[in-house]
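A.B. asks:
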Amino acid sequence: MIVCKTSIGYGAGSKQEVNPLMEPFRRRSAAELRKNLDWEYKPFEIPESVYAGWDFKEKGKNLEENWRAICADHEKNDPEKATLLKRLVSGDLPENFMEAFDNHIEVLKENNDSIATRKCSQMFP
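Taking the numbering used here as reference, the numbering of the sequence shown is continuous, increasing by one, and the terminal residue is 436.
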């Protein structure tokens, strides 16, 4: 467990440690906050130093290229599993799913035994 002591609205003067649901954060409070934190930037203006620390375009591009290479290799080495992975990731059901599901429901309806939900789900083909 990690315990952190935080300060709600740190630097916001009269808004600090006040329940944020009590009243809106007004322009005067925002100006006070900027002054207290030495924040000279306009609203929605991101300093280059901050932006650079959060800019993952290049890293993301490299990660995606690596992922695509892994997928291509997987497709070449195990096309059946690669097809299954693509189907699972896309959220598509197997072609005969609805028919198999309907049949499974009919079998369960005919069975008068009391079956636990977890056991029932294990019985699906």
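Glycine included, C-beta positions come from ideal geometry on N, C-alpha and C.
Computed from a prediction, not measured in an experiment: that's the story for all the values here.
Assuming Leu348 and Gly320 make a contact with CB atoms under 8 Å, what is their CB distance in whole Å?
C.D. replies: In fact, because the Cβ distance is near 11 Å, the residues do not count as touching under 8 Å.
A.B. asks: Rounded to the nearest angstrom, what separates Val361 and Lys353 at their Cα positions?
C.D. replies: Whole-angstrom Cα-Cα distance: 14 Å.
A.B. asks: Taking the alpha helix (DSSP H) that Asp366 falls in, what are its first and last residues?
C.D. replies: Segment: none, Asp366 is in no alpha helix (DSSP H) and carries neither H nor E.
A.B. asks: When you compare only the Cα positions, how much space is there between Asp403 and Ser325?
C.D. replies: Roughly 53 Å separates the two Cα atoms.
A.B. asks: CA-CA distance, Asn422 and Arg429?
C.D. replies: Their backbone Cα atoms lie some 16 Å apart in a straight line.
A.B. asks: Do you know offhand how far Ala506's Cα is from Thr317's?
C.D. replies: Here the chain has residues from 312 to 436 only, and residue 506 is not among them.
A.B. asks: Check this for me: beta carbons of Ala380 and Glu386, under 8 Å apart or not?
C.D. replies: No, these two residues do not count as a Cβ contact at 8 Å.
A.B. asks: CA-CA distance, Phe367 and Glu376?
C.D. replies: Answer to the nearest angstrom: the Cα atoms are 14 Å apart.
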